[in-house]
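Protein chains in written order, with our numbering: chain W, 540 to 851; chain X, 1077 to 1675. Okay, structure first, notes after.
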Amino acid sequence: MIATGVTGEGAALMRKAQNVQGRSLWVDAWRRLKRNRATMVSMVLLAVIALMAIVAPLLSQYSYQAVDYATISCAPDWWPGKDVICYAGGTHWFGTDSVGRDLFVRVLYGARVSLSVGLIATLVSLLIGVAYGATAGYLGGRIDAMMMRLVDILYSLPFIFFVIILMVIFNRNFFLLFVAIGAVEWLTMARIVRGQTLSLKQKEFIEAARAGGVGTSGIIFHHIIPNVLGPVIVYVTLTIPAVILAESFLSFLGLGIQEPLTSWGVLIANGTDQMETAPWLLIFPATFMAITLFCFNFIGDGLRDALDPKDR
Amino acid sequence: MAEKIFEIKNFDVRFATPDGEVHAVRNLSLNVNAGECVGVVGESGSGKSQLFLGTIGLLSQNGRATGSVTYRGEEILGAPQKALNKLRGSKITMIFQDPLTSLTPHMRIGEQIIEGIRIHQRLPRDEAEKRALEVLELVRIPEGRRRMAQYPHELSGGMRQRVMIAMAMVCGPDLLIADEPTTALDVTVQAEILDIMRDLKAELKTSIVLVSHDMGVIASMADRVTVMRAGEIVETGSVNEIFYSPKHDYTKMLLDAMPRLDRPDPHQQAAPLPAGAEEILKVADLKVNFPVSNGWRPKQLRAVDGVSFSLRQGETLGIVGESGCGKSTLARAVLNLLQKTDGAVLWLGRDLGSMPESEVRKLRKDFQIVFQDPLASLDPRMTIGESIAEPLHALKPHLTRAEVTARVRAMMDQVGLEPVWINRYPHEFSGGQNQRVGVARAMIVEPKLVICDEAVSALDASIQAQIVSLIRELQDDFGMSLIFISHDLSVVRQIAHRVMVIYLGRVVELADRDAIYADARHPYTKALISAVPIPDPKLERAKRRIRLAGDLSSPLDTRAPLRFLKSKIVDDSDAEQYRPKLIEVAPGHFVAEHDPAPI
């Protein structure tokens, strides 16, 4: 199923490249997207966060794992509150955590994990879910019934149980996290897309395409998928936060990211424990995460509007 | 001079939209006298519906009405909601185009009528019930008591519209505003609804405002006519003035655009076929059944039930029938867009049904279809250039991109679309322009056969005339054959060489164009022809209509197709029934067996 999903993307890209004189949906969508200020600001912000995450080691002299017992739970120097245990001094811009590691560097390392989990797992779920749902919905009948019963069975497996099984079979590794989360998130996507497809397939323009000699895959990739993108994109922007939270939940249970590596979810969970004595441990990772989620929502909104030609 | 009961003066309707203000009705004045029928004609977008919604305070949120509207000398524009509610539904009532969406789906017919009575008249329940029965009788609904216990979805479109009229009449209104009341109905049903409205006007002296785009309907009903365009009155006059001596060019254009069933324009008609044209399509005993789960017993709905015909190169076959007669299913089965149950479709001697789908796809460049709804048949997320190019990409993959674009541009030019519009989306166009896109998409692969499935039915008369002549020009250029499906007999008379009349999935009559209109033999054909309203008030009112008794029965009932051959009916709704044969009464004129006495 991943393979068909990829060919779909490929076909779309090819169309984009070929269309020189006649504009296509994608060219127009980009033009409209550029006019949406909230979306563009969000994209820039997100790019800055991503860039910082990538070059994190260059930004600070501290390492994300160096323990320093001299600065345990110390506030940054500029912290306004008076009743803090100690000040971390100099270059610890966000203060230090309960074993004296630099929080700024850890937040950026956490961004690496959270953003990549969020994006990759969502992308996986998007490709599988859309291709699977559109195929099931368009073919209909017995094939549809069988494909959707498989989805139901996977739905009924408890998430944690599923992850533990994967861990046992493939051993614990970072990549497995993407697979596990993506494999669960695509189910809902498939259901949404199937439902949309069922109603789309009754439309006259699908019949018109069939009469024009377009084959099944052509109809799915050129007519069905572009027309289900609106609700799909809204769902994607809801999925990214859900995936980031799922990752932190798994990490919290010890099934995800292992110390000293970290993610925003883990940082927030730790920060919550010391909320009263060292609030910066919660505030900084939470702020980053909130900004990121806001950005994704604005981008999703913008994309949905841009992909709808009726929207002015 | 009769008493003016409804008077509109200097009336304006404006809508605030994100793209600026839309001025839908401009400084319009109109009055309705007691007991008369005022016809309001205009093409879509002329503001004729908004005018009357505005007068009785039913505009949508962003609309604003100004001016003066008086009912029996009393100002009602801007009157308090409570006073308006009292007036609406009792003294001024309205019926709409779509009778299904105007009825509440979860309430029984009887409840809905009684609700109306009790809101306005405070009658005790049993008296209200009696009154409801009376009005149902008034609109000629048989078995009123049984109907009152039914839900709207159990009634046919014509029955529902009668219920709407009954609800409108129940409090004895002075004024009935009918907004396109018959547009969604078949011609035979339309004729009956118009009869009912005419009788109500004569018996109860109710004034009627009839809003319609159909000059024929106006000719048959109206005493005075107002022609509207772009929110303004173009011309007002008595029905005879408007129809026999129109002053304004727009009125003349509207009248000319209406194809006349009684007086076809010889210049507009399809040229005769060259002798010895090759037969390209042969359909033999085609059957399409749909399984319908009807409670415990699944039944077969026979949408197409043994249809045979053939088509020659360059010929146009008109297929006429009312909604639900299976004409669209027939078109799709011929094109192999849906699975046929039995029979054969021979394309140049090869049976399409026995070929694998991949083979059929290769042949698709030879036969194309133009759909009814121009907007729905275009992918909203594709530019019209992409839509037109799609069959080329699919059917002629050897063409380079530049060749495809060149052909799309040439085709757009040929159907009257500016080639620079290639990057626009369907929603940016009007219905007529979108239908040109649909025609271009069908023609671009230079097919040998094009099926037009109600291709002009959703369009205004003037646009309809343009699309019909466009299709015919293209036919002359490319020499293809056409199957022109329509419920509108006047259009078919213009374009077709031969006409086939279908009733519940079966052919009842098949003959040359002129033979079928001049010498119809089957009672159903006669009824259809006589039901078409003619845009000529004197002729239309003098015309004797051939009525069909009763409503269409359920197509699931095997007795239904034998409506014209009652003598052979086996009285069991599931039994296999006698199949009427087609008899050749004159060369090329086939008529299904029917009982001699006209029904």
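By construction, the Cβ of each residue, glycine as well, lies at the ideal position given by its N, Cα and C atoms.
Does the Cβ of residue i have 16 or more other Cβ atoms within 10 Å, making it buried, or fewer, making it exposed?
i	result
residue 1503 (chain X)	exposed
residue 1267 (chain X)	buried
residue 839 (chain W)	buried
residue 580 (chain W)	exposed
residue 1447 (chain X)	buried
residue 1434 (chain X)	exposed
residue 1582 (chain X)	buried
residue 1130 (chain X)	buried
residue 1553 (chain X)	exposed
residue 1138 (chain X)	exposed
residue 1647 (chain X)	exposed
residue 814 (chain W)	exposed
residue 1170 (chain X)	buried
residue 576 (chain W)	exposed
residue 1415 (chain X)	exposed
Near residue i, which residues of its chain fall below 7 Å by C-beta distance, leaving aside the five closest residues on each side in sequence?
i	result
residue 1207 (chain X)	1193, 1199, 1246
residue 698 (chain W)	723
residue 560 (chain W)	With a pLDDT of 48 at residue 560 (chain W), under the threshold of 50, the modelled position of this residue cannot be trusted; read the value that follows with caution. Nothing listed; no residue qualifies.
residue 1380 (chain X)	1362, 1363, 1364, 1402, 1405, 1406, 1409, 1581
Looking only at its own chain, which residues have a Cβ that is under 8 Å from the Cβ of residue i, when we skip the five neighbours before and after it?
i	result
residue 1140 (chain X)	1089, 1090, 1091, 1092
residue 1302 (chain X)	1106, 1114, 1115, 1116, 1117, 1309, 1311, 1312
residue 694 (chain W)	726
residue 1520 (chain X)	1464, 1465, 1467, 1468, 1483, 1484, 1487
residue 658 (chain W)	779
residue 1444 (chain X)	1467, 1517, 1518, 1519, 1521, 1523, 1525, 1526, 1527
residue 1401 (chain X)	1578, 1579, 1580, 1581
Taking residue i and residue j to be in contact with their CB atoms under 8 Å, please state how far apart those CB atoms are, rounded to whole angstroms.
i	j	result
residue 1299 (chain X)	residue 1314 (chain X)	7 Å
residue 1575 (chain X)	residue 1589 (chain X)	6 Å
residue 804 (chain W)	residue 783 (chain W)	7 Å
residue 776 (chain W)	residue 836 (chain W)	5 Å
residue 717 (chain W)	residue 652 (chain W)	Actually they are not in contact, since the Cβ atoms of residue 717 (chain W) and residue 652 (chain W) sit about 11 Å apart, beyond 8 Å.
residue 1513 (chain X)	residue 1454 (chain X)	6 Å
residue 1359 (chain X)	residue 1421 (chain X)	5 Å
Sort out for me which residues DSSP pairs residue i with in a bridge.
i	result
residue 1378 (chain X)	X:1365
residue 1302 (chain X)	X:1116, X:1312
residue 1394 (chain X)	X:1560, X:1575
residue 1506 (chain X)	Answer is none; residue 1506 (chain X) lacks a bridge partner.
residue 1474 (chain X)	Note: residue 1474 (chain X) sits in no beta bridge, so no partner.
residue 1124 (chain X)	Bridge partners of residue 1124 (chain X): none, in fact.
residue 1527 (chain X)	X:1445, X:1559
residue 1358 (chain X)	X:1386, X:1422
residue 1150 (chain X)	X:1147
residue 1087 (chain X)	X:1104
Over what stretch of residues does the beta strand (DSSP E) that includes residue i continue unbroken?
i	result
residue 1096 (chain X)	1096 to 1109
residue 744 (chain W)	From DSSP, residue 744 (chain W) is part of no beta strand (DSSP E) but of the alpha helix (DSSP H) over 743 to 750.
residue 1446 (chain X)	1443 to 1446
residue 1421 (chain X)	1418 to 1423
residue 1145 (chain X)	1139 to 1147
residue 1667 (chain X)	1665 to 1668
residue 776 (chain W)	No beta strand (DSSP E) holds residue 776 (chain W); the alpha helix (DSSP H) holding it covers 764 to 791.
residue 1647 (chain X)	Element bounds for residue 1647 (chain X): n/a, residue is neither H nor E.
Using a Cβ-Cβ cut-off of 6 Å (strictly less than) and excluding sequence neighbours within five positions of residue i, which residues of its own chain qualify?
i	result
residue 676 (chain W)	733, 736, 737
residue 842 (chain W)	772
residue 1666 (chain X)	1586, 1658, 1660
residue 645 (chain W)	603, 801
residue 1610 (chain X)	1292, 1338, 1616
residue 1404 (chain X)	1529
residue 1096 (chain X)	none
Considering residue i, what are the terminal residues of the alpha helix (DSSP H) in which it resides?
i	result
residue 1404 (chain X)	1403 to 1410
residue 1263 (chain X)	1263 to 1280
residue 1254 (chain X)	Here residue 1254 (chain X) belongs to no alpha helix (DSSP H); instead the beta strand (DSSP E) covers 1251 to 1255.
residue 834 (chain W)	819 to 846
residue 1457 (chain X)	That residue, residue 1457 (chain X), is in no alpha helix (DSSP H); it is neither H nor E in DSSP.
residue 1219 (chain X)	Residue 1219 (chain X) -> no alpha helix (DSSP H), and no H or E assigned at all.
Kindly say whether residue i, judged by its beta-carbon, lies nearer than 7 Å to any beta-carbon of chain B.
i	result
residue 1516 (chain X)	The structure shown has no chain B; the protein chains it does contain are W and X.
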